Amino acid sequence: MAEQAPKMPEPVRLRVDYRAEVVRRLERRGVTLRDIAEIVRTIQEKYVPGITLEQCEASVEAVIAKREVQHALLTGIALDEAAEQGLLEEPLLSILRTDEPLYGVDEVLALAITNVYGSIGLTNFGYLDKVKLGVIERLNNQKSQGRVQTFLDDLVAGVAAAAAARIAHNEP
Numbered sequence: 001m002a003e004q005a006p007k008m009p010e011p012v013r014l015r016v017d018y019r020a021e022v023v024r025r026l027e028r029r030g031v032t033l034r035d036i037a038e039i040v041r042t043i044q045e046k047y048v049p050g051i052t053l054e055q056c057e058a059s060v061e062a063v064i065a066k067r068e069v070q071h072a073l074l075t076g077i078a079l080d081e082a083a084e085q086g087l088l089e090e091p092l093l094s095i096l097r098t099d100e101p102l103y104g105v106d107e108v109l110a111l112a113i114t115n116v117y118g119s120i121g122l123t124n125f126g127y128l129d130k131v132k133l134g135v136i137e138r139l140n141n142q143k144s145q146g147r148v149q150t151f152l153d154d155l156v157a158g159v160a161a162a163a164a165a166r167i168a169h170n171e172p
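No gaps in the numbering here: position 71 of the sequence shown is 71 in full-length UniProt numbering, and each next residue is one more.
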């Protein structure tokens, strides 16, 4: 009988938390958690009288603590930066640089964030995608300055929408 090699134990898979990296990359692109919290307060203050910016920022932080949210943000930011640097092939490069109106992958990635908090997250996102509050509007308008924010404006809207939905879920 041939000797069998001892079975190696399965490697331990570590759960990496990329919160600090996500915050760093958001800030590098000109977005702070407070910017997102201001959007959350704007859309929630009608429904939660007296809501504070600190409560909204805590909700944004809770959303960003989710790994699937971190993954979506890291992916979208990387694609925007690659397009900005001309590192993608055509026609994708031009599609991202111009934020082609019928390109919907950016919204789909943002919906992965909003879906964490159910249908209210989805409706919040639809509203923010249309009205472009706060930092979302600024990101959307930077196209004329050579910045590519095709994913980032929608991802920020997704985080704000999810954070607002999270607050709504905790209200009576």
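Note that beta-carbon positions come from the ideal geometry of N, C-alpha and C, so glycine has one too. Values in this document were obtained by computation on a predicted structure and should not be read as measured data.
For Gly118, the secondary structure class from DSSP, reduced to helix, strand or coil, is coil. In the structure shown, the three-state DSSP call for Thr42 is helix. With a threshold of 16 other beta carbon atoms within 10 Å, Thr52 falls short and is exposed. The Cβ-Cβ distance between Leu109 and Ala72 falls below 8 Å. The DSSP-derived three-state label of Asp17 is coil. Distances from the CA of Ala20 to each of Arg41, Lys7 and Ala62 were compared; the closest alpha carbon is that of Ala62. Val40 sits close to Ala163, with the two beta carbons spaced by under 8 Å. The Cβ neighbour count for Thr150, taken over all protein chains shown within 10 Å, is at least 16; the residue is labelled buried. Cβ-Cβ separation between Leu152 and Arg29: approximately 6 Å, consistent with a contact (criterion under 8 Å). Linking Val16 to Thr32 through their CA atoms gives a straight-line distance of about 22 Å. Closest in C-alpha terms to Val23, from the list Val60, Lys7, Glu54 and Met8, comes Val60. Here Leu128 has Ile39, Ile43, Ile136, Ala157, Ala160 and Ala161 as same chain residues with Cβ atoms under 8 Å from its own Cβ, once five neighbours each way along the sequence are excluded.
By a beta-carbon distance limit of 8 Å, Asp35 does not contact Glu107. Their separation comes to about 20 Å. Contact between Leu102 and Thr114 fails: their C-beta atoms lie close to 21 Å from each other, not under 8 Å.
Under the three-state reduction of DSSP output, Gly76 falls in the helix class. For Phe125 and Val148, the gap between their C-alpha atoms comes out near 20 Å.
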